[in-house]
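See below for the structure under consideration.
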Amino acid sequence: MRTAAKVKSPARRSATDHAAGALPQWTTAEIEEAFRRFKAARPEPKGELEHINPFTLLVAVVLSAQATDAGVNKATPALFAAADTPEKMAALGEKRLQGLIKTIGLFRTKAKNLIALSKKIVQEHSGEVPRTREALEALPGVGRKTANVVLNVAFGEPTIAVDTHIFRIGNRTGLATGKTPFDVETKLDRVVPAEYKRHAHHWLILHGRYVCLARRPLCEKCLIADLCKWPGKTAVNHLTSRH
Ligand code: SF4
7 MRTAAKVKSP ARRSATDHAA GALPQWTTAE IEEAFRRFKA ARPEPKGELE
57 HINPFTLLVA VVLSAQATDA GVNKATPALF AAADTPEKMA ALGEKRLQGL
107 IKTIGLFRTK AKNLIALSKK IVQEHSGEVP RTREALEALP GVGRKTANVV
157 LNVAFGEPTI AVDTHIFRIG NRTGLATGKT PFDVETKLDR VVPAEYKRHA
207 HHWLILHGRY VCLARRPLCE KCLIADLCKW PGKTAVNHLT SRH
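Numbering-wise (my numbering), the sequence shown opens with residue 7 and increments by one.
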């Protein structure tokens, strides 16, 4: 086990200054190596939103907008005990639903969307969460990111949902730069090797949540420190020589 070496502080940039300037390009071999290490460290990465079927996953992802997964997970056991299908959710009604999710930000809007979404799934999709992006994005409260998470986690599609963590990592490290989440998603879709696409979303989110933090990235604990192109990184070696 090697420890990550400290580098002399380069012209120190803010840790959040991730979109500044053009960064060196990653080579194909470097990208392959980064994902090889992510896979070796966590072969079967999982999301942290609790769910019991595709519908409850969809509900949890809708609830997680501008909220933490931990906060959503506190509310969903009681919610899913009361309503784990679109039929039951629609029958619950907006007021009761609000009461069950009131600890989560924007709960009134989310309750309204979840009732409308549940009714639409019952009426137009025979009570089954649709499996296409178009049909998912046509549901109230469901955008591209939510559709990507559902397609990936519930249906095994190799989609990459770009959340705040992935957007930051893509721009900061130079792996996939872009002004919008869609730009970053498009670039990741182009550069991530096919064999790693299915789990790329979770590897990158977990990396952003626990290592490449927004304010103070833990470069000394980073598996891809030697590959990262961010000039402000504080380590250059990765933690283990080979996995
Ligand atoms: S070295 Fe790792 S933790 Fe540090 S900025 Fe780069 S990817 Fe993030």
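C-beta: ideal position from N, C-alpha, C; glycine also. Predicted, not measured: the structure shown is a model, and the values here were computed from it.
In this structure, the beta-carbon distance from ALA167 to ASN158 falls below 9 Å.
In the three-state reduction of the DSSP assignment, ALA71 falls in the coil class, being assigned neither a helical nor a strand state. Counting along the chain, the unbroken alpha helix (DSSP H) around HIS207 starts and ends at 200 to 216. Assigned with DSSP and collapsed to three states, VAL135 falls in coil, not helix or strand. Contact check between the stretch 48 to 58 and the stretch 70 to 82: three or more CB pairs, one atom from each, fall below 8 Å, which counts as touching.
Only buried fits LYS151, as 16 or more other CB atoms lie within 10 angstroms of its CB.
With a 10 Å radius around the Cβ and a threshold of 16 neighbouring Cβ atoms, ALA200 comes out exposed. Per the coordinates, the alpha-carbon of PHE44 lies some 43 Å from the alpha-carbon of GLY99. Across the set VAL135, HIS131, LEU69, GLU143, the C-alpha of LEU69 shows the shortest separation from the C-alpha of LYS116. With a cut-off of 8 Å, the C-beta of TRP236 is classified as near ligand 1, since at least one heavy atom of the ligand falls inside that distance.
Separation of the CB atoms of ILE175 and HIS213 is rounded to 6 Å, and the pair is thereby assigned contact status at 8 Å. In the pairwise beta carbon analysis, the stretch 121 to 136 is classified as touching the stretch 81 to 93: at least three pairs are separated by under 8 Å.
If you check the C-beta of ARG178 against ligand 1, you find a heavy atom less than 8 Å away.
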